[in-house]
Amino acid sequence: MPLDSTNFPLVWMSYDEGPDHDHDEDFEAFEANLKRGAPFVLLTDSAPTEDHEHSQEEKKRTSLWMKKHKAELRTLVLAMIVIEPSAAKRLAFKPFGVAFAKFWGYPMRLASSREEAMEIAGKLLSERGRSAIA
Numbered sequence: 001m002p003l004d005s006t007n008f009p010l011v012w013m014s015y016d017e018g019p020d021h022d023h024d025e026d027f028e029a030f031e032a033n034l035k036r037g038a039p040f041v042l043l044t045d046s047a048p049t050e051d052h053e054h055s056q057e058e059k060k061r062t063s064l065w066m067k068k069h070k071a072e073l074r075t076l077v078l079a080m081i082v083i084e085p086s087a088a089k090r091l092a093f094k095p096f097g098v099a100f101a102k103f104w105g106y107p108m109r110l111a112s113s114r115e116e117a118m119e120i121a122g123k124l125l126s127e128r129g130r131s132a133i134a
């Protein structure tokens, strides 16, 4: 899950990984975003496919990392926005979104295009900004 934080608070995530991909770098990049202390949105246009399997070791490492950062994840990550042009695939993702939110502590939103994803992200960030001021 390589991250591109160039346009923070919009953080792009990719599920397109090479065979020798270093997940430690991904976690370090995620932690660097959390350490900024500012809310952000994750976006992806390469959602995981059904054949995107993790080894038991990777699942355990992810779970431990997530538990360690649970409070920050719930507070700072406003959502994961998955861009999926196919209405059928977006519909199929909805049940997964419930489990995703329970595990990660932030919701999954679905968008049909990059433009829609940017609108959702902008709305989430402006709502958080207003609630921080109030």
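Under my numbering, think of the first position of the sequence shown as 1, with each following residue one higher.
For each residue, glycine too, the CB sits at the ideal point set by N, CA and C.
Keep in mind the model is a prediction, meaning the values are calculated, not measured.
Inset, instruction - Could you please give me the residues that DSSP links to Arg114 through a beta bridge? - result: Here residue 114 refers to the residue found at position 114 when the sequence shown is read from its first residue. Residue pairing by DSSP places Arg114 opposite no residue, since no beta bridge is assigned to it.
Inset, instruction - Drop a sphere of 10 angstroms on the beta-carbon of Leu3, count the other beta-carbons inside from all chains shown, and report buried for 16 or more, exposed for fewer. - result: Sequence index remark: in the sequence shown, residue 3 carries index 3 (1-based). That one is buried.
Legend entry - Alpha-carbon to alpha-carbon, Lys35 and Val82: Taking the sequence shown and counting its residues from 1, the one referred to as residue 82 is at position 82. Taking the sequence shown and counting its residues from 1, the one referred to as residue 35 is at position 35. Rounded to the nearest angstrom, the two C-alpha atoms are 24 Å apart.
Inset, instruction - Please list, in chain order, all residues of the same chain as Pro39 whose beta carbon is under 6 Å from its beta carbon, the five residues on each side excluded. - result: Walking along the sequence shown from the start, residue 39 turns up at place 39. Counting only residues of its own chain and dropping the five nearest sequence neighbours on each side, Pro39 has a CB closer than 6 Å to the CB of Leu76, Leu78, Arg128.
Inset, instruction - Report buried or exposed for Thr44, applying the criterion of at least 16 other Cβ atoms within 10 angstroms of its Cβ. - result: In the sequence shown, residue 44 corresponds to position 44, counting from 1. Buried.
Inset, instruction - Determine the direct distance from the alpha carbon of Leu125 to that of Ser113, and round the result to whole angstroms. - result: Within the sequence shown, numbered from 1, the residue matching residue 113 stands at position 113. Within the sequence shown, numbered from 1, the residue matching residue 125 stands at position 125. Those two C-alpha atoms are separated by around 18 Å.
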